[in-house]
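Here is the structure we will look at.
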Amino acid sequence: MTRSIPKAFRGTESEKITQAKCFLNEIEKHFTKNNKVDMTPLLTSLMSMKYKGQGNMREYIMEMFHVASRLKALKIELFEELIILMVSVSLPA
Numbered sequence: 001m002t003r004s005i006p007k008a009f010r011g012t013e014s015e016k017i018t019q020a021k022c023f024l025n026e027i028e029k030h031f032t033k034n035n036k037v038d039m040t041p042l043l044t045s046l047m048s049m050k051y052k053g054q055g056n057m058r059e060y061i062m063e064m065f066h067v068a069s070r071l072k073a074l075k076i077e078l079f080e081e082l083i084i085l086m087v088s089v090s091l092p093a
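Heads up: the sequence shown at position 61 corresponds to 61 in full-length UniProt numbering, and the numbers run straight through without jumps.
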């Protein structure tokens with residue numbers, strides 16, 4: 001069985017693992033997804049958004065709230081007041 005398992009997974013193999021489900025659970029522990037990778041570009045785009053005066057202002061505001069909802073799905077909840085403040089700061093004076 002060792003020859004059919006890639007070298008990256010060989011450290012997870014042990015005598016007590018007898019079922020494929022247990023083996024997959026052990027591999028999942030080693031390759032957990034890092035939410036910071038998804039969070040960083042979303043926060044960057046939310047902080048750097050500026051309304052350029054072209055297009056619909058409502059769509060621009062909805063896009064900011066959409067980014068905030070994607071952050072909420074990653075368990076990064078922003079207060080609605082903060083999002084409104086960010087919208088008002090990003091609009092032209």
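We put the beta carbon where it would ideally sit given N, CA and C, even for glycine.
The structure displayed is predicted, hence computed values, not measured ones.
- Taken through DSSP and simplified to helix, strand or coil, T32 comes out as coil.
- In the structure shown, I27 adopts helical secondary structure according to DSSP, grouped into three states.
- Taking every protein chain shown into account, the CB of L46 has 16 or more other CB atoms within 10 angstroms, so this residue is buried.
- In the DSSP annotation of this structure, the continuous segment of the alpha helix (DSSP H) that includes K72 starts and ends at M57 to A73.
- In chain order, M57, Y60, S90, L91 and P92 place their CB closer than 8 Å to the CB of Y51, counting only its own chain and leaving out the 5 sequence neighbours on each side.
- Counting only residues of its own chain and dropping the five nearest sequence neighbours on each side, S48 has no CB closer than 8 Å to any other CB.
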